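Note that the numbering used here has the first sequence beginning at 3, numbered continuously upward. No residue lacks a Cβ here, since even glycine has one placed at the ideal position from N, Cα and C. Just so you know, these numbers come straight off a predicted model, no measurement behind them.
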Amino acid sequence: MPELPEVQGYKTYIDSTSLHQRITEVDCRDTKLLKKPKADFDAYLYNQELIETQRIGKYLFLKTTGKKILVMHFGMTGRPHYYKNEEDRPKFGHLELSFENGFHFAFENKRKFGWWDLIDSIADFKASHKLSDDARDLTLEDFKQSFNGRKTDIKKIIMDQSVAAGVGNWMADEILYQSKIHPTKKVIEMTDTDIKSVFDAMKKVIEVAIENHAHYKDFPKTFLMHFRKEGATCYHTGAQIEKIKVGGRTTYFSPQWQEL
DNA sequence: AAGGATGTTCAGCG
DNA sequence: ACGCTGAACATCCT
């Protein structure tokens, strides 16, 4: 689930539930999800408050009253869940912060690909992870710049977090469907017009998805998400959606709509 | 019930 | 040094 629009929703959710409350406990059911020793999380979070969040791509940074910034990545199956009663703790809430008001912030993570870390600087983190500006804020100039010297498929490029932070597998398919570009189109063969249409589609997909709270069923009828499965019917051409692998990732596209 | 999964990282190769 | 590929990661869901 969590690509840029989902994580944006998580940010809004956390902002409206979990800020400005003293942390009374840091609970960890599986230390593999922590990039630093559990003792560090206790030392830097206990008795502190979350004060502000910032999202870059799929990463969420939580500034605290303490000396460190808490970073979360939701992996493939993560989401936050704020609750009060112990019986409501989610089954896969492997990490959790408890607050003075008796509520808990659970970090649900079914497949355990998500993690927490503690860092000093968002700018340093962004640089060391080679993250581009968040795709929502990215300029066409920077986007186009990233294509220089690359010889691979367009889908791989837009999923590259150093090109457009926040774009993941479903968004990449949606963006290419909206821009009528074939996922294995080599970027070196793309015209400026092609690149701009991908860029514009990316912006559109991001905003539409955020407006609809990443709830795919509410997306416009013309969005691939409604028929993003093998053999489903393309809204525009009536042809069958095809499934292929691009850069190791399952990819859905509409053959006549997105011609090579 | 085996295979696939919306992500990231890293080793290995050219 | 850089870009690309494929595997690994841990585990649940279909």
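Per the coordinates, the alpha-carbon of Cys-236 lies some 23 angstroms from the alpha-carbon of Lys-198. For a cut-off of 8 angstroms, the C-beta gap from Leu-47 to Thr-66 is around 7 angstroms, short enough to register as a contact. Taking 3 residues as the minimum length, the beta strand (DSSP E) runs contained wholly in the region 69-122 are 71-75, 80-85, 95-101, 106-111 and 117-121, in order along the chain.
Between the region 131-138 and the region 167-175 there are three or more C-beta pairs closer than 8 angstroms, enough to call the two in contact.
For the pair Lys-187 and Val-248, the CB atoms are not nearer than the 8 angstroms cut-off. With a cutoff of 8 angstroms on beta-carbon distance, Glu-176 and Val-207 are scored as near each other.
In this structure Phe-107 is buried. Its beta-carbon is surrounded by 16 or more other beta-carbon atoms within 10 angstroms. Taking a contact as a CB-CB distance under 8 angstroms, the pair Leu-52 and Leu-21 counts as one, their CB atoms being some 5 angstroms apart. In this structure, the straight-line span from the alpha carbon of Arg-24 to that of Lys-69 is close to 15 angstroms. Residue pairing by DSSP places Leu-52 opposite Thr-66 in a beta bridge.
The beta carbon of Asn-49 sits closer than 7 angstroms to those of Arg-24 and Ile-25, all from its chain and outside the five residues before and after it, given in chain order.
Shown here, Asp-126 sits in a helix according to DSSP, grouped into three states.
Gly-77 places its beta carbon 8 angstroms or farther from that of Phe-101. For secondary structure counted as the alpha helix (DSSP H) over 4 or more consecutive residues, the region 131-170 holds these complete runs in sequence order: 142-147 and 156-161. In this structure, the alpha-carbon of Tyr-179 lies about 11 angstroms from that of Gln-258.
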